[in-house]
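K.L.:
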Ligand code: SIN
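Residue numbers (my numbering): 2 to 304.
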């Protein structure tokens with residue numbers, strides 16, 4: 002009997018598999034097709050202080066082994082998330098929840114984090130400083146170590162919950178950003194958000210996406226994500242949540258060997274809504290095949 006449990010920032014998860022924010026709604030939508038309590042945790046749809054309609058359409062484009070999105074943080078706003086979405090999630094999910102929070106200013110981040118802090122089932126706050134699809138916010142905080150440090154400090158001041166900073170790969174040195182977050186008090190980092198990309202409509206001779214650029218995700222980015230996790234593991238001692246193109250139990254193990262404590266699954270949910278369930282069911286078999294008794298023993302094991 003293998004042990005898939007891991008400890009993330011002091012919280013024990015039954016397994017390391019977490020649907021990534023923006024690919025799994027608020028979770029309860031999936032409860033109609035399977036028991037989502039098989040998940041380790043769940044990172045809900047990126048939430049801002051104010052409701053947002055998101056970017057104009059088209060905002061999705063296919064690519065080889067992946068996709069581009071330029072959703073633009075569509076969400077109902079923190080108050081509605083707390084009053085309407087979380088009660089529905091609580092009704093079908095008893096595991097720790099990861100709240101994904103985005104913002105356009107320090108005040109935005111702190112207000113949303115302060116509000117979510119009183120939600121008992123929220124065990125982690127994942128602070129998105131890496132959205133490539135919005136102007137004057139998102140990625141601009143995560144591309145500069147000083148700004149990343151400021152957001153981390155500000156958020157840490159308003160919550161007692163573990164704060165996990167979500168990082169962008171669209172920088173020269175992701176380890177430097179991770180170190181800035183760690184020194185400002187972050188309890189963990191999650192990486193990678195999507196890679197900035199572009200596609201062009203050949204007939205119209207114009208970008209396919211209304212927002213011109215979008216974020217690339219899916220299996221095509223897996224080696225980039227793995228490299229980033231590897232580099233960040235060498236630079237910090239806080240836990241890392243690895244993500245980017247993960248679509249199988251062997252990808253989960255590879256991410257953990259590179260240094261991830263937990264692993265998020267994103268684009269794979271959009272290809273197959275059962276992706277996380279299948280990965281979790283397959284994980285013990287894959288562990289046996291690779292002679293792994295305790296999953297937590299392999300974290301960073303390839304270094
Ligand atoms: C989006 O809503 O544009 C995607 C979120 C993100 O990439 O952080």
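The C-beta atom is built at its ideal place from N, Cα and C for all residues, glycine as well.
For clarity, every value in this text was computed on a predicted model and none was experimentally measured.
Among residues of its own chain, excluding the 5 on either side of residue 291, which ones have a beta-carbon nearer than 8 angstroms to its beta-carbon?
P.N.:
These residues qualify, in order along the chain: 254.
K.L.:
Report the residue ranges of all alpha helix (DSSP H) runs contained in full by the segment 182–238; include only those spanning at least 4 residues, in chain order.
P.N.:
With a minimum length of 4 residues, the continuous alpha helix (DSSP H) runs that stay inside the segment 182–238 are 223–236.
K.L.:
Are the beta-carbon atoms of residue 138 and residue 108 separated by less than 9 angstroms?
P.N.:
Taking 9 angstroms as the Cβ cut-off, residue 138 and residue 108 do not qualify as a contacting pair.
K.L.:
Measure the CB-CB distance between residue 192 and residue 171 and report whether it falls below 9 angstroms.
P.N.:
No.
K.L.:
Under 9 angstroms between the Cβ atoms of residue 134 and residue 212?
P.N.:
Contact flag set, yes.
K.L.:
Any chance the segment 6–17 sits against the segment 251–265, with 3 or more Cβ pairs inside 8 angstroms?
P.N.:
Flag = yes, the segment 6–17 and the segment 251–265 touch.
K.L.:
Suppose the cutoff is 6 angstroms on Cβ atoms and the five residues either side in sequence are ignored; what does the same chain contact list for residue 261 look like?
P.N.:
Once the five neighbours on either side are set aside, the close Cβ partners of residue 261 are 230, 241 and 243.
K.L.:
May I ask you to list the residues that DSSP assigns as paired with residue 124?
P.N.:
Paired residue(s): none; residue 124 is not in a bridge.
K.L.:
Closer than 8 angstroms is the cut-off here; do at least three beta carbon pairs connect the segment 63–70 with the segment 212–228?
P.N.:
Because the criterion of three Cβ pairs below 8 angstroms is met, the segment 63–70 and the segment 212–228 touch.
K.L.:
Which complete beta strand (DSSP E) runs does the segment 38–104 hold, if anything under 3 residues is left out?
P.N.:
Taking only runs of at least 3 residues, the beta strand (DSSP E) segments lying wholly in the segment 38–104 are 61–64, 67–70 and 98–102.
K.L.:
Cβ of residue 113 within 9 angstroms of Cβ of residue 270?
P.N.:
In this structure, residue 270 does not lie closer than 9 angstroms to residue 113 by Cβ.
K.L.:
Is residue 129 near the ligand SIN, in the sense that its beta carbon is under 8 angstroms from a heavy atom of that ligand?
P.N.:
Yes, the beta carbon of residue 129 sits closer than 8 angstroms to at least one heavy atom of the ligand SIN.
K.L.:
For the pair the segment 3–13 and the segment 29–37, tell me if three or more CB-CB distances fall below 8 angstroms.
P.N.:
Contact fails: fewer than three Cβ-Cβ distances are below 8 angstroms.
K.L.:
Counting along the chain, where does the beta strand (DSSP E) carrying residue 244 start and finish?
P.N.:
Residue 244 -> beta strand (DSSP E) spans 241–244.
K.L.:
Among 218, 28 and 227, which one has its Cα closest to the Cα of residue 1?
P.N.:
Here the chain comprises residues numbered 2 to 304, so residue 1 is not present and cannot be evaluated.
K.L.:
Between residue 43 and the ligand SIN, is there a pair consisting of the residue's CB and a ligand heavy atom that are separated by less than 8 angstroms?
P.N.:
Incorrect: residue 43 has no Cβ contact closer than 8 angstroms to the ligand SIN.
K.L.:
Which whole runs of the alpha helix (DSSP H) in the segment 134–165 are 4 residues long or more, in chain order?
P.N.:
Qualifying alpha helix (DSSP H) stretches, in chain order: 140–143 and 146–157.
K.L.:
Return helix, strand or coil for residue 19, following the three-state DSSP convention.
P.N.:
Three-state result, residue 19: strand.
K.L.:
Helix, strand or coil for residue 130? Go by DSSP, reduced to three states.
P.N.:
Correct three-state label for residue 130: coil.
K.L.:
What would DSSP say about residue 1, mapped onto helix, strand or coil?
P.N.:
Examination of residue 1 is not possible in this model, given that the chain is present from 2 through 304 alone.
K.L.:
Alpha carbon to alpha carbon, how far is residue 267 from residue 25? Give it in angstroms, no decimals.
P.N.:
Using only the alpha carbons, I get a separation of about 8 angstroms.
K.L.:
Out of curiosity, what's the CA-to-CA distance linking residue 277 and residue 207?
P.N.:
So the alpha carbons of these two residues sit roughly 36 angstroms apart.
K.L.:
Do you know whose CA, among 298, 102 and 274, lies nearest residue 31's CA?
P.N.:
It is 274 whose Cα lies nearest to the Cα of residue 31.
K.L.:
Kindly identify the DSSP beta-bridge partner or partners of residue 167.
P.N.:
129 and 191, per the DSSP bridge assignment.
K.L.:
Measure the beta-carbon distance from residue 313 to residue 126 and round it to whole angstroms, keeping in mind my assumption that it falls under 8 angstroms.
P.N.:
Outside the displayed span of the chain (2 to 304) sits residue 313, for which this structure offers no information.
K.L.:
Leaving out five residues on either side along the sequence, give the residues of the same chain with a beta carbon under 6 angstroms from the beta carbon of residue 50.
P.N.:
Here the set comprises 79, 109, 112 and 113.
K.L.:
Mind checking whether the beta-carbon of residue 297 lies closer than 8 angstroms to any heavy atom of the ligand SIN?
P.N.:
No, Cβ of residue 297 sits at least 8 angstroms from all heavy atoms of the ligand SIN.
K.L.:
Compute the beta-carbon to beta-carbon distance between residue 76 and residue 53, rounded to the nearest angstrom, for a pair I have assumed lies under 8 angstroms.
P.N.:
6 angstroms between Cβ atoms; contact.
K.L.:
If I'm right that residue 234 touches residue 301 with Cβ under 8 angstroms, what's the distance once you round it to whole angstroms?
P.N.:
5 angstroms between Cβ atoms; contact.
K.L.:
Please classify residue 264: does DSSP put it in a helix, a strand, or coil?
P.N.:
Looking at residue 264 - three-state DSSP - the assignment turns out to be strand.
K.L.:
Can the beta-carbon of residue 104 be found less than 9 angstroms from the beta-carbon of residue 153?
P.N.:
Not a contact, by the Cβ cut-off of 9 angstroms.
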